[in-house]
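This report refers to the structure that appears directly beneath it.
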Amino acid sequence: MLQTSYLVKKKLRILGVDDEPIIRESMAYVLEAPHRKIVIAKDGQEALALAAKEKFDVVITDHRMPRSGGLELVRKLRERNYTGKIVVLSAHLSPENIGTYEELAVDEIVGKPFDSTELRELIAGLEDEV
0 MLQTSYLVKK KLRILGVDDE PIIRESMAYV LEAPHRKIVI AKDGQEALAL
50 AAKEKFDVVI TDHRMPRSGG LELVRKLRER NYTGKIVVLS AHLSPENIGT
100 YEELAVDEIV GKPFDSTELR ELIAGLEDEV
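Per numbering that gives the first Met the number 0, the sequence shown starts with residue 0, numbered consecutively.
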């Protein structure tokens, strides 16, 4: 009898958060793949509302956003016992902010503007960990 086993990859759920429409569009385009579901939010408040309704494996967030920035988003996610991967995007972070993100167990900090290949490879690496 012939036995075949298939490795079925689960769909990676990614929440991308940025206040700039072009960055949101770029994230969605760069990370699009059949084995991924990408949901986009325009700020931390919208991201928290989405995260309350749906489980995400990876959250990619900008640091500086109006209403609710990346640091506040990450704090609130951790308060809610979010254990998924977190990537922060930022053009400028103070050493204090970097230290706070490290304390909150952020997985990666990526400079803005981000390199599409670098972001794609980073998410592919995190994909293997979730």
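We put the beta carbon where it would ideally sit given N, CA and C, even for glycine.
(1) Helix, strand or coil: how does DSSP classify residue 107 here?
(2) Quick check: what's the CA-CA separation for residue 51 versus residue 62?
(3) With a 10 Å radius around its C-beta and 16 neighbouring C-beta atoms as the bar for buried, classify residue 45 as buried or exposed.
(4) Comparing alpha-carbon positions, which option in 19, 15, 25, 14 lies nearest residue 116?
(5) With distances taken between CB atoms, is the gap from residue 47 to residue 77 smaller than 7 Å?
(6) Counting C-beta neighbours from all protein chains within 10 Å, is the total for residue 135 16 or more, i.e. buried, or is it exposed?
Let me spell this out:
(1) If you number the sequence shown from 1, residue 107 lands on position 108. Strand at residue 107.
(2) Looking up residue 51 in the sequence shown gives position 52. Looking up residue 62 in the sequence shown gives position 63. Cα to Cα, the separation comes out at about 20 Å.
(3) To locate residue 45, count along the sequence shown from 1; it is residue 46. Buried.
(4) The residue labelled residue 116 in the question sits at position 117 within the sequence shown. Closest in alpha carbon position to residue 116, among 19, 15, 25, 14, is 25.
(5) The count along the sequence shown starts at 1 and reaches residue 47 at position 48. The count along the sequence shown starts at 1 and reaches residue 77 at position 78. Residue 77 is positioned such that its CB atom lies no closer than 7 Å to that of residue 47.
(6) There is no way to answer for residue 135, as the model of the chain reaches only from 0 to 129.
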